[in-house]
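Read in numbering that gives the first Met the number 0, the sequence shown has 439 at position 440, and its numbers run on one by one without any break. Glycine included, each C-beta is placed from N, C-alpha and C at the ideal position. Bear in mind that the values here come from a model prediction, so they are computed numbers and not experimental data. A short write-up of the structure that comes next.
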Amino acid sequence: MKRLLSLLFSFFILVNSHAQTRLDYYLPDGVSYDPAIPVLVPGDTHLHHHQLIDYLKAVDAVSDRITMSKIGETHGGRPLFLLTVTSPANHSRIEELRNKHLAMEAPDEKSPVVVWMGYSVHGNEPSGVNAVPLVVYHLAAAQGAEIDAMLEKMIIIIEPAINPDGIDRFAHWTNTLRGKNPSADPSDREHNETWPGGRFNYYNFDLNRDWMPVQQPESRARLRNYQRWKPNVVTDHHEMGTNATFFFQPGIPSRNNPLSPERAFELTAKIGQVHAQYLNRIGSLYYTKESFDDFYIGKGSTYPDITGSVGILFEQASSRGARQESDHGVVTLPFTIKNQFTTTLSTLKASFDLRTELLTHQREVHNNAAREAAAHPVKAYVFGDKHDPARVWHLLDMLNHHDIKVYEVARTISVDGKSFEPGTSYIVPLDQPRHRLIRGMFDTMTSFTDSLFYDVSSWTLPLAFNLEYSALQARTFVPGVMGREAGLPAFPKGAVVGGFSEYAYVFEWDSYYAPRALNKLLNAGFRVKVAQRPFTLPLGDGTTKAFTYGTILVALGIQDAPGSVHAMMESIAKDDAVKVYSVNTGLAQDGIDLGSGSFSTLRRQLVAMLSGAGVAASAAGEIWHQLDVRWGMEMTQLDADVFNRVSLDRYTTIIVPAGSHSGISSGAVEKLKRWVSAGGTLVVYGSAITWATQNGLSAAKIVETKPKDDTAMRRYIDATNEAGAQQIGGSIFRATIDPTHPLFYGYRASTLATFRNTALMLELPSNAYASPMRYTAEPLISGYISKPQLDRLKNSAAVVVGANGSGRVIAATDNPVFRAFWFGTDKLLANAIFFGHTISAQTTAR
Numbered sequence: 000m001k002r003l004l005s006l007l008f009s010f011f012i013l014v015n016s017h018a019q020t021r022l023d024y025y026l027p028d029g030v031s032y033d034p035a036i037p038v039l040v041p042g043d044t045h046l047h048h049h050q051l052i053d054y055l056k057a058v059d060a061v062s063d064r065i066t067m068s069k070i071g072e073t074h075g076g077r078p079l080f081l082l083t084v085t086s087p088a089n090h091s092r093i094e095e096l097r098n099k100h101l102a103m104e105a106p107d108e109k110s111p112v113v114v115w116m117g118y119s120v121h122g123n124e125p126s127g128v129n130a131v132p133l134v135v136y137h138l139a140a141a142q143g144a145e146i147d148a149m150l151e152k153m154i155i156i157i158e159p160a161i162n163p164d165g166i167d168r169f170a171h172w173t174n175t176l177r178g179k180n181p182s183a184d185p186s187d188r189e190h191n192e193t194w195p196g197g198r199f200n201y202y203n204f205d206l207n208r209d210w211m212p213v214q215q216p217e218s219r220a221r222l223r224n225y226q227r228w229k230p231n232v233v234t235d236h237h238e239m240g241t242n243a244t245f246f247f248q249p250g251i252p253s254r255n256n257p258l259s260p261e262r263a264f265e266l267t268a269k270i271g272q273v274h275a276q277y278l279n280r281i282g283s284l285y286y287t288k289e290s291f292d293d294f295y296i297g298k299g300s301t302y303p304d305i306t307g308s309v310g311i312l313f314e315q316a317s318s319r320g321a322r323q324e325s326d327h328g329v330v331t332l333p334f335t336i337k338n339q340f341t342t343t344l345s346t347l348k349a350s351f352d353l354r355t356e357l358l359t360h361q362r363e364v365h366n367n368a369a370r371e372a373a374a375h376p377v378k379a380y381v382f383g384d385k386h387d388p389a390r391v392w393h394l395l396d397m398l399n400h401h402d403i404k405v406y407e408v409a410r411t412i413s414v415d416g417k418s419f420e421p422g423t424s425y426i427v428p429l430d431q432p433r434h435r436l437i438r439g440m441f442d443t444m445t446s447f448t449d450s451l452f453y454d455v456s457s458w459t460l461p462l463a464f465n466l467e468y469s470a471l472q473a474r475t476f477v478p479g480v481m482g483r484e485a486g487l488p489a490f491p492k493g494a495v496v497g498g499f500s501e502y503a504y505v506f507e508w509d510s511y512y513a514p515r516a517l518n519k520l521l522n523a524g525f526r527v528k529v530a531q532r533p534f535t536l537p538l539g540d541g542t543t544k545a546f547t548y549g550t551i552l553v554a555l556g557i558q559d560a561p562g563s564v565h566a567m568m569e570s571i572a573k574d575d576a577v578k579v580y581s582v583n584t585g586l587a588q589d590g591i592d593l594g595s596g597s598f599s600t601l602r603r604q605l606v607a608m609l610s611g612a613g614v615a616a617s618a619a620g621e622i623w624h625q626l627d628v629r630w631g632m633e634m635t636q637l638d639a640d641v642f643n644r645v646s647l648d649r650y651t652t653i654i655v656p657a658g659s660h661s662g663i664s665s666g667a668v669e670k671l672k673r674w675v676s677a678g679g680t681l682v683v684y685g686s687a688i689t690w691a692t693q694n695g696l697s698a699a700k701i702v703e704t705k706p707k708d709d710t711a712m713r714r715y716i717d718a719t720n721e722a723g724a725q726q727i728g729g730s731i732f733r734a735t736i737d738p739t740h741p742l743f744y745g746y747r748a749s750t751l752a753t754f755r756n757t758a759l760m761l762e763l764p765s766n767a768y769a770s771p772m773r774y775t776a777e778p779l780i781s782g783y784i785s786k787p788q789l790d791r792l793k794n795s796a797a798v799v800v801g802a803n804g805s806g807r808v809i810a811a812t813d814n815p816v817f818r819a820f821w822f823g824t825d826k827l828l829a830n831a832i833f834f835g836h837t838i839s840a841q842t843t844a845r
């Protein structure tokens with residue numbers, strides 16, 4: 000261990016011997032520091048994640064104020080750490096203090112306030128993560144009565160690098176392109192990353208939108224530990240455009256989430272006064288209340304507000320590289336780091352001074368939940384799905400990460416024409432400490448005080464999961480309907496019903512992981528068919544069952560190795576939550592027989608996706624994540640220059656995510672047309688439809704925006720807001736679907752809630768069969784949309800299926816795998832991939 004510490008100290012001395020930025024540039028005046036604590040002076044190159052972690056480990060090894068713990072790993076295999084900083088005396092009884100804090104007792108003189116500090120959720124916003132060595136050094140090494148008092152009354156949780164994969168992607172870019180005399184020209188390559196940039200995580204997810212969905216490992220690790228501490232203050236350190244100054248909250252008051260306690264905003268403003276004092280001392284310009292909002296509860300500054308903490312967003316004008324010209328002169332990396340470090344200190348000072356108010360606020364939010372629940376007409380939400388336990392499990396998993404209690408349904412509940420049965424349904428009562436968060440997750444909202452949103456305006460979870468759900472009021476939420484607490488049950492397992500078969504196996508397409516199961520079968524070389532008509536069969540266990548559209552058939556008589564089929568069926572039942580049925584006859588009691596031509600043969604899928612410059616990085620990442628992580632599918636990502644020159648013959652499906660796709664050559668477009676004509680399936684989403692229609696690839700027609708007849712003079716100051724009000728940042732709409740269509744196999748209802756964050760809309764095609772998903776006459780379920788846009792959306796097409804020769808072109812306006820938590824629509828993507836080629840030509844637009 001001593002040898003390791005010696006090597007680490009040597010490393011940091013070496014780093015500092017080449018440093019140009021002096022430590023005293025950053026540190027506050029009048030503070031002495033312990034010379035035993037190692038120093039890493041940031042600002043001359045961008046820190047890689049491993050360099051930061053090595054430094055933190057070195058400090059942890061010698062400081063009795065700091066404990067460092069690993070909490071998880073990223074998709075890229077980089078470790079995730081938290082640091083706990085407090086006085087040595089507090090460390091000796093840290094679990095006692097944590098449990099007392101969670102008990103939400105009335106604060107006394109000894110109760111420490113808990114502050115959570117998170118840095119660089121966006122990897123190419125580097126001042127946050129590069130400020131961490133200063134933060135940790137100051138907390139570990141500062142001497143004097145002031146720091147001793149603060150550490151005695153505070154427990155500081157530091158999330159030093161929220162997005163290690165993005166941080167390293169960016170650091171590699173900028174450090175590679177930085178010269179000995181760094182260019183400040185904004186056009187220099189150092190300031191202009193290649194696609195997808197360092198903002199996103201491994202699969203191009205924006206982790207600052209994942210606090211509520213918790214679908215990425217970074218967020219899951221954070222939320223597990225967030226619930227262990229339930230901090231009083233949470234900071235979120237970001238960057239913005241180079242020509243800006245520095246922003247700290249409060250944001251725009253009219254855009255706050257109405258479920259967040261008003262007291263949270265009052266405390267934010269009080270803390271903001273201290274930020275102003277500290278920034279005044281160093282001469283930094285700043286502003287508040289003019290931009291950014293606290294509406295979407297999946298963001299790092301809003302989630303804390305709604306859960307009884309105080310979330311604070313910081314936005315620093317970015318140098319991106321080492322230095323960059325701006326309207327305020329040359330912005331340097333050290334200057335941006337200094338502002339982040341300074342507002343870290345101001346947060347700590349304010350939290351210390353407001354300790355009792357912050358603790359009291361959290362306790363009141365916790366204790367007032369019962370009173371608020373009693374006054375609210377909705378007493379609980381019930382949800383479930385008797386056909387797909389895996390999708391239900393994923394919602395239970397999400398709720399579990401938010402410390403929300405869920406209970407089993409004890410007896411059948413009939414409400415709103417729906418039936419919720421024991422074993423497949425669950426209840427979330429509102430009378431619990433997370434009352435406001437539950438409402439934020441389950442409520443729908445269509446009325447707003449402001450028409451502009453920094454992010455999405457709705458995210459109602461049961462709709463996102465396409466689950467039957469109802470709000471229970473006092474007359475339906477009666478004693479006896481709620482059973483035992485569910486917690487997070489084991490992931491559901493399917494079964495092979497009827498045991499071994501010598502004839503055939505079938506399974507329904509309802510299961511969330513049916514696509515993964517099918518992909519395994521096709522990759523293993525089995526011949527698989529899909530039912531395009533319903534049928535009823537006797538099963539191997541002597542019972543009879545009706546099967547619907549999309550049922551998968553594996554008949555033993557057509558396999559090269561029929562003896563291996565049963566083992567595969569047991570495997571997919573166990574791992575993919577699929578219920579497989581063994582059958583011993585192909586003669587149906589009703590509907591089609593198993594040898595019918597209404598069973599279409601499926602083909603092994605080799606999928607390619609357009610990627611790189613010209614493609615929306617998050618849209619591509621969401622598709623990549625869905626295929627790779629959820630369905631276990633190999634997928635080829637093709638940059639435009641590669642797509643322009645390679646043969647497409649090996650691929651069965653090509654996906655074109657949202658984007659401009661300006662890099663695709665005219666020759667490549669013609670090549671793509673020939674590929675479709677030869678039998679390929681082309682899937683285009685969102686803004687990619689514009690590119691596809693302009694290049695004659697899709698028969699979809701875009702609904703044009705009618706110009707306003709109103710020519711009255713308008714105020715200059717209102718131009719931005721009026722234009723913004725016509726955007727659809729993200730709302731939930733109702734569409735009619737055709738469950739008999741291959742694109743909607745696995746859906747049993749005739750309507751579907753879909754998420755839309757684009758203003759692109761499609762006309763209904765002249766062939767009525769070619770749009771199997773279309774918006775209803777009253778489509779808005781939850782979220783904001785302006786009246787002109789709503790009028791355009793009514794009765795428009797959500798999906799248009801076209802044909803070119805033997806191939807199919809599927810155009811969908813909405814992203815079915817939005818942020819990896821829209822579980823209810825992502826089967827549309829699977830159906831396009833696996834069943835697109837089975838769509839009849841007579842049902843397509845041309």
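Quick check on this structure: which residue in 824, 770 and 831 has the alpha carbon closest to the alpha carbon of residue 843?
770
With a threshold of 8 Å between beta-carbons, can residue 251 be considered close to chain C, or not?
Reference to chain C is not applicable here, since this structure consists of a single protein chain.
What are the complete alpha helix (DSSP H) segments, minimum 4 residues, inside the segment 37–123?
48–61, 87–90 and 93–101
Distance check for residue 168 and residue 508, CA to CA, integer angstroms please.
39 Å
Taking residue 539 as the reference, which of 570, 583 and 558 has the closest Cα?
583
Could you check the C-alpha separation between residue 480 and residue 263 for me, to the nearest Å?
35 Å
I think residue 729 touches residue 782, with their Cβ atoms under 8 Å apart; what is that distance to the nearest whole Å?
Going by Cβ atoms, the distance from residue 729 to residue 782 rounds to 7 Å, so yes, they are a contact pair.
When burial is assigned at 16 or more other CB atoms within 10 Å of the CB, is residue 818 buried or exposed?
buried
Could you give the DSSP three-state label for residue 807: helix, strand or coil?
strand
To test your reading of the DSSP string, which unbroken beta strand (DSSP E) runs of 3 or more residues are found completely within the segment 230–274?
232–239 and 245–247
In terms of DSSP beta bridges, what is residue 754 paired with?
Residue 754 pairs with 731.
Given residue 468, which residues of its chain have a CB within under 7 Å of its CB, disregarding the five upstream and five downstream residues?
380, 381, 382 and 461
Straight-line CA distance for residue 99 to residue 566?
52 Å
Spell out the partners DSSP gives residue 153 in its beta bridges.
112
Does DSSP put residue 676 in a helix, a strand or coil?
helix
State the DSSP-derived secondary structure class of residue 828, mapped to helix, strand or coil.
helix
So which of 42, 579, 53 and 62 has the shortest CA-CA distance to residue 33?
62
If distances are taken between C-alpha atoms only, which option among 552, 551 and 535 comes closest to residue 545?
535
Between the Cα of residue 209 and those of 300, 814 and 648, spot the shortest distance and give me the residue it belongs to.
Ranking the options by Cα distance to residue 209, first place goes to 300.
Figure out for me which residue from 680, 701, 679 and 678 has the closest Cα to the Cα of residue 689.
From the listed residues 680, 701, 679 and 678, the smallest Cα separation to residue 689 is found for 701.
Put residue 429 into one of helix, strand or coil per three-state DSSP.
coil
Quick one: residues in its chain with C-beta nearer than 7 Å to the C-beta of residue 202, no 5 flanking neighbours on either side, listed in chain order?
So the list reads 74, 620, 623 and 624, once near-sequence residues are dropped.
Count the other CB atoms within 10 Å of the CB of residue 179; is the residue buried (16 or more) or exposed (fewer)?
Burial call: exposed.
From residue 670 to residue 586, what distance separates their C-alpha atoms?
Residue 670 and residue 586 have their C-alpha atoms some 45 Å from each other.
Where does residue 550 sit, in a helix, a strand or coil, going by DSSP?
coil
Name the two residues that bound the continuous alpha helix (DSSP H) containing residue 389.
388–400
Would you call the segment 427–446 and the segment 512–521 touching, i.e. three or more CB-CB distances under 8 Å?
Output reads no: the segment 512–521 does not touch the segment 427–446.
Extract the residue ranges of the beta strand (DSSP E) inside the segment 581–628, only unbroken runs of 3 or more that lie entirely within it.
Those beta strand (DSSP E) runs which fall completely within the segment 581–628 and span 3+ residues are 598–600 and 606–610.
Of the choices 796, 542, 129 and 240, whose alpha-carbon is the least far from that of residue 496?
542
Going by DSSP, name the residue or residues bridged to residue 786.
Partner(s): none; residue 786 has no beta bridge.
Only counting the same chain, and skipping five residues up and downstream in sequence, which positions put a Cβ closer than 7 Å to that of residue 776?
Closer than 7 Å at the Cβ level, and outside the excluded window around residue 776, lie 793 and 794.
Please name the residue in 603, 505, 139 and 362 whose C-alpha comes closest to that of residue 572.
505
Starting from the C-beta of residue 259, find all residues in its chain whose C-beta is less than 6 Å away, skip the five residues before and the five after it, and write them out in chain order.
Excluding residues within five positions, the ones whose Cβ falls inside 6 Å are 304 and 305.
Spell out the partners DSSP gives residue 535 in its beta bridges.
545 and 589
Can you tell me where the beta strand (DSSP E) with residue 322 in it begins and where it stops?
322–325
Just verifying my parser: in three-state terms, what is the DSSP assignment at residue 209?
coil
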